[in-house]
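To start, the structure under review is shown below, and the notes come after it.
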Amino acid sequence: MTRKTLVMTAAVLVGLGTAWIGNEKVAYAESASTTKLSDLEKKSNDVNQNISQNKEKLKEVQEQQKNKEAEIARLDSEVGQTNADIRSREAEVEKAKQDIEKLKNEIDVVKKRIEKRNELLKKRARALQENGGSVDYIDVLLGSESFGDFISRVSAVSTIVGADRDLLMQHEADKKAKEEKETKVQNKLTEVNQALEELKNLRAQLQKQVDEKNQLMQTLKDQEKEFNEEAVGLEEQASILADQKNAAQAQQEEVEEAGSGEEAPPVTSGSFMRPAKGPVTSHFGYRETFGRGHYGIDIGKRGESVPVVAAASGKVIRAYHSSSFGNAVFIRHNVEGQTWVTVYAHLESYSVSSGQSINKGQQLGYIGNTGRSFGAHLHFELHKGDWKGKSSAVNPESYIKF
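So that you can map any letter, position 260 of the sequence shown is 260 in the UniProt record's numbering, and since no number is skipped, the others follow by simple counting.
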């Protein structure tokens, strides 16, 4: 075999080997991408199953809520009755106070009559004494302690003249009326005190009923909030997974289109970059303050407009507004053969759209304070593999220098 023939043979073999290796890379990329799509399909099915289970659970809770609503209706009725009882007792107290005031006025009138009559009787006694008459009977009668005692004394005194007798009878009748009215006042005061005590108890009962109702209402509100959040969270997960599947399919199509060439399309090389400038204000992991895990890190805002950039090149899974994340962007990356997903939340605004390709360091928005955020910051998450909710999150500080 000539030297020329050997060189040509070697060249052909190298060419065939290169083509084979290139096709193997494409086949491997297609196989890996297909596997990931299958995983995404499974995760999506799991989430949809959770949504169905959540709906069944919601039906059970709604039945429980009906029972609680019946309890609330009963408490409303009791509260209404207690309020009616309170109004009735308040009216009784007011009437008793008016009666007491009226009796006191009547007692004052009688007391003034008694005082005037006392003066008159004293004058008559002095006049009789000056005329040499006997006044012993007047002293005896005026010294009586009660109406019964007075009658006994009148019977014992036979020297009373008709005019004095009538005067003394009126006098003692007024004294008796005064005593009776004073007794009525005491009785009314007792009634008022009892009614006030009942009012105190009724108001305490009312407060207890209102507190019980408020507690039931809060329970219903919390249950509704919890299930609404869970339902929204599951639906949001399903939506993100669907968008992620679309992004994965688009990336697979890019791989297949590149299959006609000698090798698979290049993937992002190197590590991730910092998504925004600023201090890390909250780290990844369990937070005692909130009693739950923190599945990313928070970067504080310093300055008026702080740009947020893609930590690596990739495809935007989703750019949208979430009730919890506010304005948020999800990006799927292929870094040195490994699939990653980054999440950028609470953005003031975003300038990318779902399905868009994005380069490492390309601006996608600004740090903001949207959604459930208490102060402007970027909530940044890093997920190893495709996004699967909390379970796929890893500590960004283990992969990126902050």
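For each residue, glycine too, the CB sits at the ideal point set by N, CA and C.
The structure displayed is predicted, hence computed values, not measured ones.
| Query | Result |
| --- | --- |
| Measure the C-alpha to C-alpha separation of residue 336 and residue 271 and round it to an integer number of angstroms. | 9 Å |
| Alpha carbon to alpha carbon, what distance is there between residue 215 and residue 382? | 40 Å |
| Would you be able to state if there are at least three C-beta pairs under 8 Å between the stretch 310-327 and the stretch 290-302? | no |
| For residue 110, which option in 182, 96, 88, 78 has the closest C-alpha, if you only look at C-alpha atoms? | 182 |
| Using beta-carbon positions only, say whether residue 333 and residue 311 come within less than 9 Å of one another. | yes |
| Comparing alpha-carbon positions, which option in 184, 67, 120 lies nearest residue 105? | 184 |
| Could you tell me which residues DSSP pairs with residue 330 in its beta bridges? | 318, 343 |
| By a C-beta neighbour count over all protein chains shown, 10 Å radius and 16 as the cutoff for buried, is residue 398 buried or exposed? | exposed |
| Which of the three DSSP states, helix, strand or coil, is assigned to residue 79? | helix |
| Between the Cα of residue 366 and the Cα atoms of 379, 347, 384, which residue gives the shortest distance? | 347 |
| Hey, how far is the Cα of residue 194 from the Cα of residue 210? | 24 Å |
| Run the CB neighbour count on residue 219, radius 10 Å, all protein chains shown included, and call it buried at 16 or more, exposed below. | exposed |
| Going by DSSP in three states, residue 400 sits in which element: helix, strand or coil? | coil |
| Would you give the residue range spanned by the beta strand (DSSP E) that residue 281 belongs to? | 280-282 |
| Pick from 386, 380, 301: whose alpha carbon is nearest that of residue 275? | 380 |
| Take every Cβ of the stretch 384-393, pair it with every Cβ of the stretch 344-362, and state whether three or more of those distances are shorter than 8 Å. | no |
| Quick check on DSSP: helix, strand or coil for residue 274? | coil |
| Is it the case that the Cβ atoms of residue 192 and residue 96 are separated by a distance below 9 Å? | yes |
| For residue 113, which residues of its own chain have a beta-carbon under 6 Å away from its beta-carbon, when the five flanking residues on both sides are left out? | 174 |
| Since residue 357 sits in a beta bridge, which residues does DSSP pair it with? | 315 |
| Report the rounded CA-to-CA distance for residue 205 versus residue 186, giving the unit in angstroms. | 29 Å |
| For residue 322, is the classification buried or exposed, using 16 other Cβ atoms within 10 angstroms of its Cβ as the cut-off for buried? | buried |
| Alpha carbon to alpha carbon, how far is residue 208 from residue 91? Give it in angstroms, no decimals. | 23 Å |
| Note the first and the last residue of the continuous beta strand (DSSP E) segment covering residue 292. | 292-294 |
| Quickly, what does DSSP pair residue 380 with across the bridge? List them, please. | 297, 344 |
| Tell me the rounded alpha-carbon separation between residue 392 and residue 363. | 25 Å |
| Classify residue 393 as helix, strand or coil using the three-state DSSP reduction. | strand |
| By the three-class DSSP mapping on this structure, what secondary structure does residue 218 have? | helix |
| Between residue 203 and the rest of its own chain, which residues show a CB-CB distance below 6 Å, the 5 nearest in sequence each way excluded? | none |
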